[in-house]
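As you go down the protein sequences, you meet chains A and B in turn. Using my numbering, you'd call the opening residue of the first sequence number 151 and step up by one each time. Using my numbering, you'd call the opening residue of the second sequence number 151 and step up by one each time. Idealized CB from N, CA, C, for every residue including glycine. For clarity, every value in this text was computed on a predicted model and none was experimentally measured.
Number of protein chains: 2
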Amino acid sequence: MPRRPPPSRRRAPRQERAQATCDAILTATARILLKDGYEAASTNRIAQEAGVSVGSLYQYFPSKEGLVTALMERHRAQGLADFEAGLVPLASQPLPVAMRALIQQVISVKRENPKLNQVLHELKPRMRQWGLSDAYSQRLFRLVRAFLAPRFEELRPQNLDMAVFILVNTVEALSHSAVTERPDYLEDPLFVEELTALVLGYLRPEPATSAPRRTARERVARM
Amino acid sequence: MPRRPPPSRRRAPRQERAQATCDAILTATARILLKDGYEAASTNRIAQEAGVSVGSLYQYFPSKEGLVTALMERHRAQGLADFEAGLVPLASQPLPVAMRALIQQVISVKRENPKLNQVLHELKPRMRQWGLSDAYSQRLFRLVRAFLAPRFEELRPQNLDMAVFILVNTVEALSHSAVTERPDYLEDPLFVEELTALVLGYLRPEPATSAPRRTARERVARM
DNA sequence: TTAGAATGTGAGTGAGCGCTCACGTTCTCA
DNA sequence: TGAGAACGTGAGCGCTCACTCACATTCTAA
């Protein structure tokens, strides 16, 4: 019984050489995106770079959109797996240690392959227009949520979902901004420290110095 | 003596109707971007929407890139002016008050016209490819830097440039993420509070409460 | 051995794009 | 008032693109 092809595929490859063709097409796409950007990635050019004919490309991918979507899915699946693998052993660590390690990891990934990360990141809005399922974002969100939930009682934010939203997007956005605007920051240990301070300063309960906590909350609400 | 046309223009309009044509073209471009996205914004379509002919479009704009650039410049000049206008009276306010007001302002702007802001934001990478000068980002950066500099002694971060980079990108990115992923947050007063807490928690010196500083750090390390 | 399924080919199609140019129309000013 | 500058027009050019299809080659399994 044939496996159902995912929506980004046309036919599933059944022989080895077909699988090789698929892979060649995907990696060629990545290579061109990386080298010359999305505008340069025409289907003919991709086929040429992969060493196959356009026809073969359309055997396995229903459209250019489908091809780019498939590439994106592959990349995000890998990224998410890496993130999860890094997260698991940190579950028992103190929050500051865990956070610093996670931030360091995100930045390392960006630093390893800044150009491809940038291109794929900038492709996201286009894919939203094509109706890309946001399953990976949601899974990432849930991972961080599960990580934070057990310690949430001791932390300042009251709304867990919003806190996770803020944390995930902050780290993601700042490391991406660094890639495009300040690549030197990716090498600077201080940048990791500052991101960590940002995140921890957000989560840490406000110093309940002189005033009782309830009053402190009211003050916040009125400011 | 004729005014020099900016690099995004071909000829400067000299009569009133020409100026009207220019404006019509720019607003038509914005309308189409807003309604159907960049892919739908062909020059013929823009001209049609503006009620002029393609020829007229190319009288005033040297290329499609130039047209989009001009629109972007108009939008960013307005945004920057608004931001600066909001910033000036806050110079003398306490930091928490000023920060909350600024964040509220950024979010309000996004909320007013979320779709256009989103489209233009997503156009930025493309324009970087076209060699867009980043003068507005730099000006924004310098504004915030000048705002923060006088109080910097009392704050935790040691590197002013990096702090400004982090603050500007955090607020910008989070309000943009809210537009695309959680529009409900734009209406939620708690979101402004949390962004403010994020920013202030980052800037605030670490609490040196009752215990000596080293112990306080250890407590934090254990939470 | 061989039928037919799976895989691979690439010249060609039609649609849409950015942009031009030869030509009208309207305005300005001496 | 009329000459020339400024403004406006839109059919259509040249080109690139995503994608197809008639056909060739290779593999599988009975």
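Return the chain-ordered list of same chain residues with a C-beta closer than 7 angstroms to the C-beta of Glu199(A), the five sequence neighbours on each side being excluded.
Ala178, Arg181, Ile182
Of the choices Tyr210(A), His225(A), Tyr188(A), whose alpha-carbon is the least far from that of Ala168(A)?
When each option's Cα is compared against that of Ala168(A), the closest is Tyr210(A).
Report the CB separation of Pro355(B) from Arg306(B) in whole angstroms; it is logged as a contact under 8 angstroms.
5 angstroms
List the whole-angstrom C-beta distance separating Leu230(B) from Arg289(B), where the pair is believed to meet the contact cut-off of C-beta under 8 angstroms.
6 angstroms
Answer yes or no: the CB of Gln228(A) versus the heavy atoms of the ligand NAP, is any distance below 6 angstroms?
Of ligands this structure carries none, so the ligand NAP is not represented either.
Using the rule of at least 16 other Cβ atoms within 10 Å of the residue's Cβ for burial, across every protein chain shown, is Arg159(B) buried or exposed?
Buried is the call here.
Cβ separation of Ala347(B) and Tyr352(A), assumed to be a contact under 8 angstroms, to the nearest whole Å
6 angstroms
Taking the straight line between their C-alpha atoms, what separation do you get for Glu303(A) and Glu215(A)?
44 angstroms
Proximity of Phe297(B) and Val314(B) at Cβ, strictly below 7 angstroms
no
I'd like to know if the segment 319-333 of chain B and the segment 249-268 of chain B are in contact, where contact means that at least 3 CB-CB pairs between them fall below 8 angstroms.
yes
Give the C-beta separation of Leu282(A) and Thr219(A) to the nearest angstrom, bearing in mind that I take them to be a contact with Cβ-Cβ under 8 angstroms.
6 angstroms
Please report how far the alpha carbon of Pro244(A) lies from the alpha carbon of Leu252(A), in whole angstroms.
Taking the straight line from one Cα to the other gives about 12 angstroms.
CB contact check: Thr177(B) to chain A, cutoff 7 angstroms:
no
Using a Cβ-Cβ distance under 7 angstroms, would Thr219(B) count as near chain A?
Chain A contact via Cβ: absent.
With H, G and I counted as helix, E and B as strand and the rest as coil, what does DSSP make of Phe211(B)?
coil
I need the boundaries of the alpha helix (DSSP H) containing Pro244(A), first residue and last residue.
Run containing Pro244(A): none; DSSP gives neither H nor E here.
How should Glu189(B) be labelled, buried or exposed, when 16 other C-beta atoms within 10 angstroms of its C-beta is the threshold for buried?
Exposed: under 16 other Cβ atoms inside 10 Å.
Nearest to His271(B) by alpha carbon, out of Arg195(B), Val204(B), Asn319(B), Arg161(B)?
Nearest C-alpha to His271(B): Asn319(B).
Taking only runs that begin and end inside the segment 220-278 of chain B, name each unbroken alpha helix (DSSP H) of 4 or more residues, in chain order.
245-262
Give, in chain order, every residue of the segment 274-286 of chain A whose Cβ lies closer than 9 angstroms to some Cβ of chain B.
Lys274, Pro275, Arg276, Arg278, Gln279, Asp284
Check whether Val256(B) and Val342(B) have beta carbons under 7 angstroms apart
no
4-residue-minimum alpha helix (DSSP H) runs that sit fully inside the segment 290-340 of chain A, ordered along the chain:
Entirely contained in the segment 290-340 of chain A, the alpha helix (DSSP H) runs reaching 4 residues are, in chain order, 310-331.
Helix, strand or coil for Glu199(A) per DSSP?
helix
Return the residue from the list Arg295(A), Ile175(A), Val204(A), Pro275(A) that minimises the CA-CA distance to Glu234(A).
Arg295(A)
Let me know if Leu310(A) comes out buried or exposed under the rule of 16 or more other beta-carbons within 10 Å of its beta-carbon.
exposed
Identify the contact partners of Met312(A) in chain B, using a Cβ-Cβ distance below 9 angstroms as the criterion.
Arg332, Tyr335, Asp338, Leu340, Phe341, Glu344
Cross-chain neighbours of Ser242(B) in chain A, by beta carbon under 8 angstroms:
Per Cβ cutoff of 8 angstroms: no residues; Ser242(B) is ~17 angstroms from chain A at best.
Near Pro163(B), what residues of its chain come up, given a Cβ to Cβ distance below 8 angstroms and the 5 sequence neighbours on each side ignored?
Gln169, Thr171, Cys172, Tyr210
Whose CA, out of Val269(B), Gln254(B), Ala248(B), lies closest to the CA of Pro339(B)?
Gln254(B)
Chain-order list of residues whose beta-carbon lies under 8 angstroms from that of Pro362(B) (same chain, five-residue window excluded)
Residue confidence for Pro362(B) is low, a pLDDT of 43 falling below 50, so the modelled location carries little weight and cannot support an answer.
Give the single residue among Gln165(B), Ala227(B), Val238(B) whose Cα lies nearest to the Cα of Tyr286(B).
The residue with the shortest Cα to Cα distance from Tyr286(B) is Ala227(B).
Name, please, each residue of chain B whose Cβ falls closer than 8 angstroms to the Cβ of Arg261(A).
Chain B residues near Arg261(A): none, gap ~17 angstroms exceeds 8 angstroms.
Within 7 angstroms of chain B by C-beta, residues of the segment 318-329 of chain A in sequence order
Asn319, Thr320, Ala323, Leu324, Ser327
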